[in-house]
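For the sequence shown, the UniProt record's numbering assigns the number 1 to the initial residue and increments by one for each residue that follows.
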Amino acid sequence: MSWFKRNKAGISTATENKKEAPDGMWNKCPNCKKPLLNSEQIENKYVCQYCDYHIRIGSAAYFSILFDDNNFTELFENLTSGDPLQFSDTKPYPVRLADSQAKTGLKDAIRCGHGKMEGKDVVIACMDFNFIGGSMGSVVGEKIARSIDYCLENKIPFMLISKSGGARMMEAAFSLMQMAKTSAKLALLAKAHIPYVCLLTDPTTGGVTASYAMLGDINIAEPGALIGFAGPRVIKETIKKDLPKGFQTSEFVLEHGFLDFIVDRRNLKAKVSAYLRLMYA
Numbered sequence: 001m002s003w004f005k006r007n008k009a010g011i012s013t014a015t016e017n018k019k020e021a022p023d024g025m026w027n028k029c030p031n032c033k034k035p036l037l038n039s040e041q042i043e044n045k046y047v048c049q050y051c052d053y054h055i056r057i058g059s060a061a062y063f064s065i066l067f068d069d070n071n072f073t074e075l076f077e078n079l080t081s082g083d084p085l086q087f088s089d090t091k092p093y094p095v096r097l098a099d100s101q102a103k104t105g106l107k108d109a110i111r112c113g114h115g116k117m118e119g120k121d122v123v124i125a126c127m128d129f130n131f132i133g134g135s136m137g138s139v140v141g142e143k144i145a146r147s148i149d150y151c152l153e154n155k156i157p158f159m160l161i162s163k164s165g166g167a168r169m170m171e172a173a174f175s176l177m178q179m180a181k182t183s184a185k186l187a188l189l190a191k192a193h194i195p196y197v198c199l200l201t202d203p204t205t206g207g208v209t210a211s212y213a214m215l216g217d218i219n220i221a222e223p224g225a226l227i228g229f230a231g232p233r234v235i236k237e238t239i240k241k242d243l244p245k246g247f248q249t250s251e252f253v254l255e256h257g258f259l260d261f262i263v264d265r266r267n268l269k270a271k272v273s274a275y276l277r278l279m280y281a
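Listed below in structure tokens is the structure:
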């Protein structure tokens, strides 16, 4: 059976000579499952080149897309959550916070930065889903409130990128209070005639949707994002009825009047900049 064996050099490679692709070089599209080269993802603003699926990204990626040359000054970066309720589920809340901080390199589920977008000053606050599901705790509310105060003081437009599973249960009422707190601050921003742009990304749910995520002067979303209060499964089990096709996607929400428009991430910077030039020259 010598004809079956690969005896020629170059056909087989010894194990010690095999080269593995470096970690992080390739990813797989969650939608079409095709392999994506990391450098091409960055160039394509983390949108699948095959099916246009918008891959979930965090604040670092959004800042690199929106701020000119990725130059910005991070605001209120040292704020961290306390444990006012001494909450414990499968692990104590301080331990969960420490684990999330070590895993993500973030202090909490939102980052805020001041920089320029196409030459114009803007403050952007961006939520990170990888930090306890992007849950809204007291630090999230406080950073948004302080960002709004910063915008009021410096007369700068404010943009908020929402990506959240909702209120943070480990802070209970302290988390829910952020809904009223941020909404009141946004009313001051509106009174001062300073634009507020809200971008809803996948997913935006719970108390975030019920407060600052839907209070923008314009509310925009990425294609295919899940937007709602309770999730589709919970709603279906509650009303005991099948839900419409595409229920709670950004396209469905736009059709029913809760969004102003849907924007492809590759056009996001140009669209937001154009709006701000028109509304706040």
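For every residue, glycine included, the Cβ atom is placed at its ideal position computed from N, Cα and C. Model, not experiment: these values are computed from the prediction.
In its own chain, which residues sit with a C-beta less than 8 Å from the C-beta of residue i, not counting the 5 before and 5 after it?
i      : result
Tyr196 : Pro157, Phe158, Met159, Leu160, Leu186, Leu189, Ala190, Leu215, Gly216, Asp217
Gly224 : Tyr53, His54, Asp202, Thr249, Ser250, Glu251
Ile262 : Ile220, Ala221, Glu222, Pro223, Ser250, Glu251, Leu254
By alpha-carbon positions, which one of the options ends up nearest to residue i?
i      : options                        : result
Asp68  : Asp202, Phe129, Lys120         : Lys120
Met169 : Pro92, Val234, Glu43, Cys32    : Pro92
Thr182 : Glu153, Asp149, Asp202         : Asp149
Ser211 : Asp202, Leu226, Ala180         : Ala180
Asn219 : Gly257, Lys33, Asn38, Ala274   : Gly257
Glu77  : Gly165, Pro223, Lys107, Lys116 : Lys107
Glu74  : Thr209, Leu226, Val272, Ile124 : Ile124
Phe129 : Arg266, Thr205, Ser147, Arg277 : Thr205
Ala192 : Thr249, Ala173, Lys155         : Lys155
Val208 : Val272, Ile235, Ser175, Tyr280 : Ser175
Output needed for residue i: all residues of its chain with C-beta closer than 7 Å, excluding positions within five of it in sequence on either side, in chain order.
i           : result
Ser100      : Phe131, Ile132
Asn70       : Phe63, Ser64
residue 282 : Residue numbering for the chain in the displayed model covers 1 to 281; residue 282 lies beyond these limits and cannot be assessed.
Report the rounded CA-to-CA distance for residue i versus residue j, giving the unit in angstroms.
i      : j      : result
Phe247 : Met25  : 35 Å
Lys241 : Ala230 : 15 Å
Val122 : Cys198 : 13 Å
Cys112 : Arg233 : 32 Å
Gly58  : Thr238 : 32 Å
Ser81  : Asp89  : 17 Å
Arg96  : Ala145 : 25 Å
Ala221 : Asn31  : 18 Å
Glu153 : Tyr50  : 44 Å
Gln178 : Gly137 : 7 Å
Cys48  : Cys29  : 7 Å
Gly165 : Leu66  : 24 Å
Ser250 : Gly115 : 28 Å
Arg56  : Leu85  : 32 Å
Ile227 : Leu200 : 7 Å
Lys143 : Lys103 : 21 Å
Leu278 : Asp260 : 16 Å
What are the boundary residues of the beta strand (DSSP E) that includes residue i?
i           : result
Arg111      : 110-117
Leu200      : 196-204
Asn219      : 218-221
Val234      : Segment 232-239 is the alpha helix (DSSP H) holding Val234; no beta strand (DSSP E) there.
residue 298 : The requested residue 298 is not part of the displayed model; the chain covers only 1 to 281.
Lys28       : 26-28
Lys107      : That residue, Lys107, is in no beta strand (DSSP E); it is neither H nor E in DSSP.
Met127      : 120-127
I want to see whether chain C comes within less than 8 Å of residue i, judged by CB atoms only; does it?
i      : result
Tyr280 : The chain inventory of the structure shown lacks chain C, comprising one protein chain alone.
Helix or strand or just coil, what does DSSP make of residue i?
i      : result
Phe258 : coil
Glu251 : helix
Val263 : coil
Asp68  : helix
Pro35  : strand
Thr90  : coil
Ala270 : helix
Glu43  : helix
At which residues does the alpha helix (DSSP H) containing residue i begin and terminate?
i      : result
Ser138 : 138-154
Asp99  : 93-104
Ser81  : Here Ser81 belongs to no alpha helix (DSSP H), and DSSP marks it neither H nor E.
Ala184 : 172-191
Between residue i and the rest of its own chain, which residues show a CB-CB distance below 6 Å, the 5 nearest in sequence each way excluded?
i      : result
Val140 : Ala109, Ile110
Tyr53  : Cys29, Asn31
Would you say the beta carbon of residue i comes nearer than 7 Å to a heavy atom of the ligand GDP?
i      : result
Arg168 : In terms of ligand content, the structure shown is empty, and the ligand GDP therefore cannot be addressed.
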